[in-house]
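Colleague: Numbering (the UniProt record's numbering), first residue to last: 1 to 576. We put the CB at the ideal spot given by N, CA and C, even for glycine. Just so it is clear, the structure is predicted and the values come from calculations on it, not from any experiment. I have a structure here, written as structure tokens, and I will follow up with some questions on it.
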């Protein structure tokens with residue numbers, strides 16, 4: 001299978017001599033801003049980013065006219081793997097995730113963000129396809145300077161013109177002279193502490209709120225993008241004091257952070273605990289001192305950011321990582337198309353009579369038979385597909401085509417979540433039998449729907465209590481304050497981390513169903529209903545998240561009152 005010349009797979013782009021502008025610089029250097037301004041002036045154009053959250057943010061900025069001062073609002077549509085929002089059918093602009101880039105629709109200007117992802121073993125092929133195949137007269141690529149040699153080679157192979165624009169940080173970034181020395185009480189308003197597990201994030205949130213009295217926002221990968229955006233909004237507005245987050249803050253969230261603190265510099269990669277790469281450390285640390293932040297107390301703007309570690313022994317590692325030079329990215333990931341996989345499967349003999357080759361076997365064949373220009377490209381890692389494909393093979397009973405199996409294997413299913421795996425298994429089983437796939441049937445007996453129903457019932461009761469308080473002329477408080485009626489009271493036993501996990505799993509299943517509904521619209525035909533229910537799940541997650549914080553505050557208040565009473569009691573005894 002000859003894929004040595006991937007540039008020839010995109011004939012529409014090859015009819016153009018494109019002007020490619022490569023914008024490179026560290027985090028918080030403004031490298032994407034100029035590209036977005038150029039896009040805003042184009043008659044037709046597309047923005048492609050790595051995350052739905054980022055695509056949604058750019059979509060919102062274009063439609064609201066907040067791309068840049070003096071740039072008017074433009075109608076812009078949104079296209080992601082599981083969502084399509086059409087503001088205007090005739091809109092010239094589209095914001096999308098990079099996997100959704102069309103290589104057949106010509107545009108005046110294209111913007112591809114986080115271009116260094118082109119070297120990612122799992123997702124990099126999508127950036128490669130976009131860079132080689134987007135038929136744009138003017139193409140803006142934004143990211144790290146590490147990609148310069150590779151983009152020079154790709155531009156030359158495509159016959160395009162390349163201009164490199166270099167940027168420096170807009171605000172200085174400094175390393176603190178000391179770590180926190182494991183003293184969480186020294187955390188202050190505007191800090192962001194970064195951890196790499198959900199349990200670790202909630203433990204930090206609990207300890208910080210207990211030791212400082214500050215209120216914490218949270219952001220991590222499993223949290224719905226809408227909830228992460230809301231948490232970021234509350235933090236930026238000063239309604240929450242500290243951000244406790246995973247490396248999710250590295251992309252897609254604009255946060256007004258004064259100081260970034262690494263809880264640890266190591267992360268579980270699915271097999272073992274590994275030290276973060278220098279590139280990852282720089283990406284996260286660079287979020288400190290975001291341009292445009294301002295200290296309301298001192299009225300001094302853009303003083304820069306500070307980065308440090310929680311533990312003293314890791315401060316040296318942080319210093320070395322930030323001082324290290326960028327490692328050049330010299331090769332781009334490529335992956336055969338679905339059509340190519342189907343053709344290869346048809347050409348290869350069956351393992352045994354009447355039995356089709358499994359996806360795992362086909363992926364192994366691809367790795368064995370592919371001819372690649374290894375100077376500029378490497379074959380993408382099929383690890384995600386290989387994780388899902390046995391589940392697909394087992395559930396389908398050999399009733400699906402290679403193309404259908406390959407589509408299911410690319411689904412955004414977190415197989416580490418047992419409920420999501422069970423949901424996908426049920427969905428594939430119903431689909432392979434030729435029936436319509438109802439969400440509730442696929443989610444039956446997984447306990448998620450029952451938990452959501454209980455939380456939604458609590459929400460409705462709280463809404464009714466708030467309405468009664470409003471009608472009585474009382475002060476209207478946040479919804480969570482009415483968790484147990486108008487009197488508030490202690491937190492409800494259902495409001496806990498376990499409930500959060502269940503609702504997050506349910507939200508993943510809603511997202512998975514929507515993704516499949518765009519690939520198999522006849523079978524997964526309840527898209528509008530699932531979209532509505534997904535929003536309800538997001539509201540439930542927000543409610544539980546607020547409830548966890550509310551319950552914590554209540555317990556701290558009770559603890560404070562108890563200590564005060566004990567002090568008073570002790571004083572009386574002493575006086576006696």
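(1) If you draw a straight line from the C-alpha of residue 579 to the C-alpha of residue 261, how long is it?
(2) State buried or exposed for residue 15, treating a residue as buried only when at least 16 other CB atoms are found within 10 Å of its CB.
(3) Which whole-angstrom value is the C-beta distance of residue 452 and residue 540, which I expect to be below 8 Å?
(4) In whole angstroms, what is the alpha-carbon distance linking residue 225 and residue 508?
(5) Examine chain B for any beta-carbon lying closer than 8 Å to the beta-carbon of residue 136, and answer yes or no.
(6) Could you give the DSSP three-state label for residue 330: helix, strand or coil?
(7) When you compare each of 24, 20, 113 and 23 to residue 57 by their alpha carbons, which one comes out closest?
(8) Who are the near neighbours of residue 363 in its chain, counting only those whose CB is closer than 8 Å to its CB and skipping five residues on each side?
(9) Looking at the secondary structure, which residues open and close the alpha helix (DSSP H) in which residue 503 lies?
(10) Grab me the residues of residue 7's own chain with a C-beta within less than 6 Å of its C-beta, minus the 5 sequence neighbours each way, in chain order.
(11) Which whole-angstrom value describes the C-beta separation of residue 421 and residue 415, a residue pair presumed to lie in contact below a C-beta threshold of 8 Å?
(12) What is the C-beta distance between residue 90 and residue 39, in whole angstroms, given that I count them as a contact (C-beta under 8 Å)?
(13) What three-state label does DSSP hand residue 20 in the structure shown?
(14) Excluding the five sequence neighbours on either side, which residues of its own chain have a C-beta within less than 8 Å of the C-beta of residue 124, listed in chain order?
(15) Hey, would you say residue 146 sits closer than 8 Å to residue 328, going by beta carbons?
(16) Would a C-beta distance cut-off of 8 Å place residue 236 and residue 255 closer than the cut-off?
(17) Taking residue 288 and residue 259 to be in contact with their CB atoms under 8 Å, please state how far apart those CB atoms are, rounded to whole angstroms.
(18) Label residue 150 either buried or exposed according to how many other C-beta atoms from any shown protein chain fall within 10 Å of its C-beta, with 16 as the threshold for buried.
(19) Please give me, in chain order, every unbroken run of the beta strand (DSSP E) with length at least 3 that falls completely inside the segment 42 to 91.
(20) With distance defined between alpha-carbon atoms, name the residue in 469, 21, 83 and 429 nearest to residue 166.
(21) Enumerate, from N- to C-terminal direction, the unbroken beta strand (DSSP E) stretches of 3 or more residues contained entirely within the segment 133 to 218.
(22) Give the single residue among 375, 23, 536 and 392 whose Cα lies nearest to the Cα of residue 168.
(23) May I have the straight-line CA-CA distance separating residue 71 from residue 37, to the nearest angstrom?
(24) In terms of alpha-carbon separation, which member of 340, 266 and 86 lies closest to residue 314?
(25) Tell me whether residue 178 counts as near the ligand FMN, meaning its Cβ is closer than 7 Å to at least one heavy atom of that ligand.
(26) Based on Cα-Cα distance, which residue from 549, 263 and 28 lies nearest to residue 182?
(27) Excluding sequence positions up to five away, which residues of its chain have a Cβ less than 7 Å from the Cβ of residue 345?
(28) Starting from the Cα of residue 396, find the closest Cα among 426, 376 and 411 and give me that residue.
(29) Going by C-alpha to C-alpha distance, which of 394, 543 and 531 sits closest to residue 85?
(30) Rounding to the nearest angstrom, what Cα-Cα distance links residue 126 and residue 48 in this structure?
(31) Give every residue of the same chain whose Cβ lies closer than 6 Å to the Cβ of residue 137, excluding the five residues on either side of it in the sequence, and list them in chain order.
(32) Using the C-alpha atoms, what's the distance from residue 102 back to residue 120?
(33) Given a cut-off of 8 Å, decide if residue 544 and residue 503 are closer than it, judged by their beta-carbon atoms.
(34) Would you check if there are 3 or more beta carbon pairs closer than 8 Å linking the segment 522 to 530 to the segment 469 to 485?
(35) Can you check DSSP and say which residues form a bridge with residue 267?
(36) Assuming residue 283 contacts residue 250 (C-beta within less than 8 Å), just tell me the rounded distance between them.
Modeller: For this structure:
(1) This structure cannot speak to residue 579, because the chain is shown only from 1 to 576.
(2) The residue you call residue 15 lines up with position 15 of the chain shown. Residue 15 comes out exposed.
(3) As a working note, residue 452 is residue 452 in the chain shown. As a working note, residue 540 is residue 540 in the chain shown. With a Cβ gap of about 6 Å, residue 452 and residue 540 count as contacting.
(4) Walking along the chain shown from the start, residue 225 turns up at place 225. Walking along the chain shown from the start, residue 508 turns up at place 508. Taking the straight line joining both Cα atoms gives about 11 Å.
(5) Checking the listed chains, one finds no chain B in this structure; it contains a single protein chain.
(6) By one-based count along the chain shown, residue 330 stands at place 330. The answer is coil: DSSP assigns residue 330 none of H, G, I, E or B.
(7) The sequence position of residue 57 within the chain shown is 57, counting from 1. Per the Cα distances, 113.
(8) As a first step, residue 363 must be located in the chain shown, where it is residue number 363. For residue 363, where only same-chain residues beyond five positions count, the Cβ hits under 8 Å are 382, 385, 386 and 389.
(9) Sequence index remark: in the chain shown, residue 503 carries index 503 (1-based). Note, residue 503: alpha helix (DSSP H), 497 to 519.
(10) Taking the first residue of the chain shown as 1, we reach residue 7 at position 7. Once the five neighbours on either side are set aside, the close Cβ partners of residue 7 are 132, 157 and 158.
(11) On the chain shown, position 421 is the one that residue 421 refers to. On the chain shown, position 415 is the one that residue 415 refers to. The Cβ separation is near 5 Å, so the contact holds.
(12) Looking up residue 90 in the chain shown gives position 90. Looking up residue 39 in the chain shown gives position 39. Between residue 39 and residue 90 the Cβ distance is about 17 Å, and since that is not below 8 Å, they are no contact.
(13) The residue given as residue 20 occupies position 20 in the chain shown. Strand at residue 20.
(14) Taking the chain shown and counting its residues from 1, the one referred to as residue 124 is at position 124. Excluding positions up to five away in sequence, the list reads 117, 118, 332, 333 and 380.
(15) Residue 146 sits at position 146 when you count from the first residue of the chain shown. Residue 328 sits at position 328 when you count from the first residue of the chain shown. Going by C-beta atoms, residue 146 is nearer than 8 Å to residue 328.
(16) Reading the chain shown from its first residue, position 236 is the one you call residue 236. Reading the chain shown from its first residue, position 255 is the one you call residue 255. Yes, the pair counts as a contact, with Cβ atoms nearer than the cut-off.
(17) By 1-based counting over the chain shown, the position of residue 288 is 288. By 1-based counting over the chain shown, the position of residue 259 is 259. With a Cβ gap of about 6 Å, residue 288 and residue 259 count as contacting.
(18) In the chain shown, the residue the question calls residue 150 occupies position 150. Buried.
(19) 45 to 49, 76 to 80 and 83 to 85
(20) Within the chain shown, the letter at position 166 stands for residue 166. Per the Cα distances, 21.
(21) 136 to 143, 161 to 166, 173 to 175 and 191 to 194
(22) Stepping through the chain shown from its first residue, residue 168 is reached at position 168. For the residues 375, 23, 536 and 392, the minimum Cα distance to residue 168 belongs to 23.
(23) In the chain shown, residue 71 corresponds to position 71, counting from 1. In the chain shown, residue 37 corresponds to position 37, counting from 1. Near 8 Å, if we compare the C-alpha coordinates of residue 37 and residue 71.
(24) Walking along the chain shown from the start, residue 314 turns up at place 314. The shortest C-alpha separation from residue 314 is found at 266.
(25) Absence of the ligand FMN from the depicted structure is noted, as is the absence of any ligand whatsoever, leaving it without description.
(26) Against the chain shown, residue 182 aligns to sequence position 182. Minimum Cα distance to residue 182 is reached at 263.
(27) Translated into the one-based positions of the chain shown, residue 345 becomes position 345. Taken in chain order, the residues that qualify are 357, 362 and 402.
(28) As a working note, residue 396 is residue 396 in the chain shown. Residue 426 is the option with its Cα nearest to residue 396.
(29) Here residue 85 corresponds to residue number 85 of the chain shown, with the count starting at 1. Among 394, 543 and 531, the Cα nearest to that of residue 85 is on 531.
(30) What you label residue 126 is simply residue 126 of the chain shown in a count that begins at 1. What you label residue 48 is simply residue 48 of the chain shown in a count that begins at 1. Cα to Cα, the separation comes out at about 10 Å.
(31) Position 137 of the chain shown, counting from 1, holds the residue named residue 137. Correct list, in chain order: 108.
(32) The count along the chain shown starts at 1 and reaches residue 120 at position 120. The count along the chain shown starts at 1 and reaches residue 102 at position 102. Residue 120 and residue 102: Cα-Cα distance of roughly 20 Å.
(33) Here residue 503 refers to the residue found at position 503 of the chain shown. Here residue 544 refers to the residue found at position 544 of the chain shown. Yes; because the gap between Cβ atoms is below 8 Å, this pair is in contact.
(34) no
(35) For this step, residue 267 is matched to residue 267 along the chain shown. Answer by DSSP bridge pairing, in chain order: 274.
(36) Position 283 of the chain shown, counting from 1, holds the residue named residue 283. Position 250 of the chain shown, counting from 1, holds the residue named residue 250. So it is a contact: roughly 4 Å between Cβ atoms.
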